[in-house]
Amino acid sequence: MIYTLFTTQGCHLCEQAQDLFALVNQSNSFTLKLCEIGDAPKLIEQYGIRIPVIQAPAGQELDWPFSPMRLEQFLKDTCSEL
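Numbering that gives the first Met the number 0 applies: residue 0 is where the sequence shown begins, and numbers increase by one.
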């Protein structure tokens, strides 16, 4: 399953979110795709003040801040909804 991390260059919170995903994902086989919002004005408008945001394959979103436990629950919930 591929999850998307909406991010932008120089976002230290986005780096933390990516690290948390890697930590929580150690026992899973999920993939994290990075989406640079700076490349599209529509994405800047939608995610500019919300990043980092992780989006599940079915479209559910998890906004920052989130803990490892909250992220793990999000992954469990969203992978079972497919």
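Heads up, the beta-carbon is just placed ideally off N, CA and C, and yes, glycines get one too.
Buried/exposed call for residue i, threshold 16 Cβ in 10 Å
{"i": "residue 39", "result": "exposed"}
{"i": "residue 51", "result": "buried"}
{"i": "residue 36", "result": "buried"}
{"i": "residue 30", "result": "exposed"}
{"i": "residue 16", "result": "buried"}
{"i": "residue 33", "result": "exposed"}
Identity of the residue in the options nearest residue i by Cα
{"i": "residue 0", "options": "54, 17, 67", "result": "54"}
{"i": "residue 6", "options": "46, 25, 41", "result": "46"}
{"i": "residue 25", "options": "76, 70, 79", "result": "70"}
Inter-residue spacing [alpha-carbon to alpha-carbon] between residue i and residue j
{"i": "residue 8", "j": "residue 43", "result": "12 Å"}
{"i": "residue 28", "j": "residue 48", "result": "29 Å"}
Same chain, Cβ closer than 6 Å to residue i, neighbours up to 5 away in sequence not counted
{"i": "residue 60", "result": "52, 54"}
{"i": "residue 12", "result": "51, 63"}
Spatial neighbours of residue i in its chain, beta-carbon cut-off 8 Å, leaving aside the 5 residues before and after
{"i": "residue 67", "result": "19, 22, 23"}
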